[in-house]
Amino acid sequence: MRKEQKDQLIDQLCEEIKAYPLIYIADIGGLNSVLTSKLRRAAFRKEVKLEVVKNALLIKAMERTGMDYSELFPVIKGETAIMLSNTNNAPAKLIKEFREKEKGAQKPVLKGAYVEECFYIGEQHLDELVNIKSKNELIADIVALLQSPVKNVISQLQSGANTITGVLKTLEEKKAE
Numbered sequence: 003m004r005k006e007q008k009d010q011l012i013d014q015l016c017e018e019i020k021a022y023p024l025i026y027i028a029d030i031g032g033l034n035s036v037l038t039s040k041l042r043r044a045a046f047r048k049e050v051k052l053e054v055v056k057n058a059l060l061i062k063a064m065e066r067t068g069m070d071y072s073e074l075f076p077v078i079k080g081e082t083a084i085m086l087s088n089t090n091n092a093p094a095k096l097i098k099e100f101r102e103k104e105k106g107a108q109k110p111v112l113k114g115a116y117v118e119e120c121f122y123i124g125e126q127h128l129d130e131l132v133n134i135k136s137k138n139e140l141i142a143d144i145v146a147l148l149q150s151p152v153k154n155v156i157s158q159l160q161s162g163a164n165t166i167t168g169v170l171k172t173l174e175e176k177k178a179e
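Using the numbering used here, the first residue of the sequence shown is number 3, and each one after it goes up by one.
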């Protein structure tokens, strides 16, 4: 590959990295073509961009972004795939669900991740990354918390109205006797 082609690939990869706030680095090497295809389809459905990259090109692209990704550089070795996403936990869930669904599949393996301005190095952080809530999940939690007191007040008012109605009916029935 000529230097111009490498520079073009690095620039393209740099733009992709800049476009997504989250980067997961995984090892998908050793997956057969059927499993790789299934993984790519699952990634597409979850809006995760999955791309197999050359290590040297990835490091150069990360350096060109202006962000300091140097903590991830030690894990960029061997066969490397990047997973780019706008949702914090989508790639982690994808990795975990794929391994559970494809019984016996040992890959993909999480090498490292950059999520919410923190670095996670190693497979041991997969469950932690799965449990990070996405922006939409946090918004839903906040809305539920805000609605809870209002629902309690409304239900109390409704039960109070039912009680008053019941008392009035009972008094009315006693007068009728």
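No residue lacks a Cβ here, since even glycine has one placed at the ideal position from N, Cα and C. These numbers were taken from a predicted model, which means no experiment stands behind them.
- The shortest CA-to-CA distance from Arg42 to any of Met85, Tyr122, Glu125 and Lys135 is the one to Met85.
- Around the Cβ of Lys109, a 10 Å sphere holds 16 or more other Cβ atoms; the residue is buried.
- Residue Tyr71 holds the alpha-carbon nearest to the alpha-carbon of Ala115 among Arg4, Phe46, Tyr71 and Glu174.
- For Thr82, the enclosing beta strand (DSSP E) starts and ends at Thr82 to Ser87.
- For the pair Lys98 and Asp29, the CB atoms are not nearer than the 8 Å cut-off.
- Secondary-structure assignment with DSSP links Ala28 through a beta bridge to Ala83 and Leu112.
- Nearest neighbour of Asp9 by Cα position, chosen from Gly31, Glu65 and Lys105, turns out to be Glu65.
- Taken through DSSP and simplified to helix, strand or coil, Glu6 comes out as helix.
- Of the candidates Ala107, Glu6 and Glu53, Ala107 places its Cα closest to the Cα of Leu37.
- In the DSSP annotation of this structure, Lys98 is not part of any beta strand (DSSP E); the continuous alpha helix (DSSP H) holding it starts and ends at Ala92 to Lys103.
- Glu65 sits in a helix when the DSSP states are folded into three classes.
- Of all alpha-carbon atoms in Phe121, Ile19, Lys5 and Gly124, the one lying nearest the alpha-carbon of Thr67 is that of Ile19.
- Annotation for Leu128: Ala94, Ile97, Lys98 and Leu112 place their beta carbon closer than 8 Å to its own, counting only its chain and skipping 5 residues before and after.
- A distance below 8 Å separates the beta carbons of Asn91 and Leu131.
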